[in-house]
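Under my numbering, the first residue of the sequence shown carries the number 13, and numbering increases by one thereafter. Where is the CB? At the ideal position from N, CA and C, for every residue including glycine. Single-structure report; data block below.
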Amino acid sequence: AILQGHFTGTIGWDALNISFAPYLSGMSDQEVRQFAQMIIYEFSQLAATRGGQALYTDIHIYYEIPPHWANVAAIGPAGKLTGKKYGHYSFDARRLAWALMAVFREGDANSRPFILPRPLLHVSEDFWSAERANDFLELACEVAGGKGNTCFIFDRRGNSLSFACNRAGYEGDADYLEEMKKPWLMRTAAIQSVTLNLPRLGYRAQGNEEKLFALLAEFAAKASEAHVQKKDFLEKLLSYAEKGPLAVLAMNRDGFPFLRMNRSYYIIGLVGLNEMVRIHTGRQMHESPQALDFGFRAVSYLHREIKALSKKLGIKLVLEQSPAETTAYRFARLDLKYFSPEAGHFVQGDIAEGAVYYTNSTHLNVSAAVTPLQKVISEGLFHEHLEGDVITHLQLGGLETDKKKLSKLIKEVFDDSVSRQIDFSPEFTSCLSCGRIAAGLSQQCAYCGSSEVEGIARLTKYFSKISGWNRGKLAELRDRKVNKDFITASRQRLSRHV
13 AILQGHFTGT IGWDALNISF APYLSGMSDQ EVRQFAQMII YEFSQLAATR
63 GGQALYTDIH IYYEIPPHWA NVAAIGPAGK LTGKKYGHYS FDARRLAWAL
113 MAVFREGDAN SRPFILPRPL LHVSEDFWSA ERANDFLELA CEVAGGKGNT
163 CFIFDRRGNS LSFACNRAGY EGDADYLEEM KKPWLMRTAA IQSVTLNLPR
213 LGYRAQGNEE KLFALLAEFA AKASEAHVQK KDFLEKLLSY AEKGPLAVLA
263 MNRDGFPFLR MNRSYYIIGL VGLNEMVRIH TGRQMHESPQ ALDFGFRAVS
313 YLHREIKALS KKLGIKLVLE QSPAETTAYR FARLDLKYFS PEAGHFVQGD
363 IAEGAVYYTN STHLNVSAAV TPLQKVISEG LFHEHLEGDV ITHLQLGGLE
413 TDKKKLSKLI KEVFDDSVSR QIDFSPEFTS CLSCGRIAAG LSQQCAYCGS
463 SEVEGIARLT KYFSKISGWN RGKLAELRDR KVNKDFITAS RQRLSRHV
């Protein structure tokens, strides 16, 4: 709650099940299950922050002990070293992982999915050979299909630092690599996010590719200037140390301030790549390989520009998918105001109702008629240039899913794509009269027939009641294509030309 008072967005906890493993030795399975319930229920409670806002928390779960944890000296009860390495506690780490997934599968007292915390399961090469890994994956997929909680992070080629915070570290930095031996020192934070309205740059370029790429560079530079101003302002406040307004972030208990500005990063987000590509090429990214290739070239160019700006300014700038629920809606409305009538041909949704939006970040159109694997492969192409948070959402609607089919897809995604993260997004109808919940969105309860119901669906990263969504997100919800084909007829890779 203290952190939520200083930061907005998600607070991530790496390797939660590994961190707690030394505390579980000697506990029975029932006690571990009770502990897992305590973790999830306490994280899901409202906190005393702005307006009682819930803590947006990600918990990273590893089924096997990754290399950067295996040889770290383990800390146990009372904060004392146990004399063993975390690699010794793989059995207890797995017990907690199983228990956490079992609790997520049950849901709350009314079988509703837990909105928070969000479990992120890391899948690596070593995962597939671990004991009962396939059984655990099927449990995680059962949770994903039935409740929508599980996200799957893919750690390929020994890269167990693929998630946003650690990818934003300084690769090759000797000090950073040394600090990995003390995971509690690996505190990173996104100081600020500035999002680029890509369709607007497309309108301004008027089909001129050279001008478009010049605008991309110009606005990336403007975004970086905003980041430098925020950095300078924060450093002035932090200079007052524990006597200043940011005393919590300035406190020093391990030789470093809690907020380590030299390990922090600055996000440049993207909205509407699909529409920018359509403005320039006449096709959406799912409609032709040439359109997808142009989108990739634009993001690749931005990535190079941002790398150069990072070196010039001495700060860590990263490209990221912008998950903010209002940005795509607001940008579309502003462009209808300032770039009509052209913008009217490219915004998504219903202009007459004011329910308009742009496709979020580097995603394909939410209504694109492509198979789940094709969608993951196409969207995953951009992930190598997005060092911040990335994900592909696969919509389930009210489908009843097969955990074996989903786990088969996870294996295919791991083998046949470069995607870093995916999730599955079911939808629910919760009845306010009888308290029961049913799959899919409906105007009345499937059990008692009451019309006193509320829909629950994934807003961006997290699930929420659709009654609180803006008109743009509601239009997107109506347009979302349910992904039904989780058994792929072929494993053909999509080509990419750079």
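Sixteen is the threshold: since fewer than 16 other Cβ atoms of the shown chains lie within 10 Å of the Cβ of Leu249, the residue is exposed. Counting along the chain, Asn146 sits inside the alpha helix (DSSP H) bounded by residues Ala145 to Gly158. In this structure, DSSP gives Leu197 a helical state, which the three-state scheme calls helix. DSSP places Phe475 within a strand segment (E or B) once states are collapsed to three. Distances from the alpha-carbon of Asp167 to those of Leu132, Thr374, Gln241 and Pro257 put Leu132 closest. In the assembly as shown, Val206 is a buried residue. Its beta-carbon has 16 or more other beta-carbons within 10 Å. Considering only Gly294, Gly356, Ser31 and Met273, the residue with the shortest C-alpha distance to Lys328 is Met273. Per the DSSP secondary-structure output, Ile449 pairs in a beta bridge with Ser442. Separation of Ser476 and Leu151 (C-alpha to C-alpha, rounded to the nearest whole angstrom) is 23 Å. Per the coordinates, the alpha-carbon of Leu228 lies some 21 Å from the alpha-carbon of Lys242. Residue range Asp41 to Ser56 is occupied by the alpha helix (DSSP H) that includes Ala48. By the C-beta density criterion, Ala238 is exposed, having fewer than 16 other C-beta atoms within 10 angstroms.
In the structure shown, the three-state DSSP call for Arg470 is strand. Under DSSP, Arg130 shares a beta bridge with Asp70.
Burial check for Asp70: the Cβ neighbour count within 10 Å reaches 16 or more, so the residue is buried. Ranked by how close their Cα comes to the Cα of Cys460, the residues Thr472, Gly467 and Ser442 have Ser442 in first place. For Phe268 and Leu197, the gap between their C-alpha atoms comes out near 8 Å. Here Glu54 is exposed, its C-beta having fewer than 16 other C-beta atoms within 10 Å. Pairing Ser123 with Val155, the inter-Cα distance amounts to about 12 Å. Per DSSP, the continuous alpha helix (DSSP H) segment holding Asp347 begins and ends at Thr339 to Tyr350.
Distance from the Cα of Ile51 is smallest, within the candidate group Leu93, Ala111, Lys415 and Ala145, for Ala111.
For Gly409, the enclosing beta strand (DSSP E) covers residues Thr404 to Gly409. Using a Cβ distance threshold of 8 Å, Arg432 and His395 count as a contacting pair.
Looking at the backbone, the Cα of Gly219 and that of His292 are separated by about 5 Å.
Around Cys153, the same chain offers Lys415, Leu418 and Ser419 as residues with beta carbons nearer than 6 Å, after the five sequence neighbours per side are excluded.
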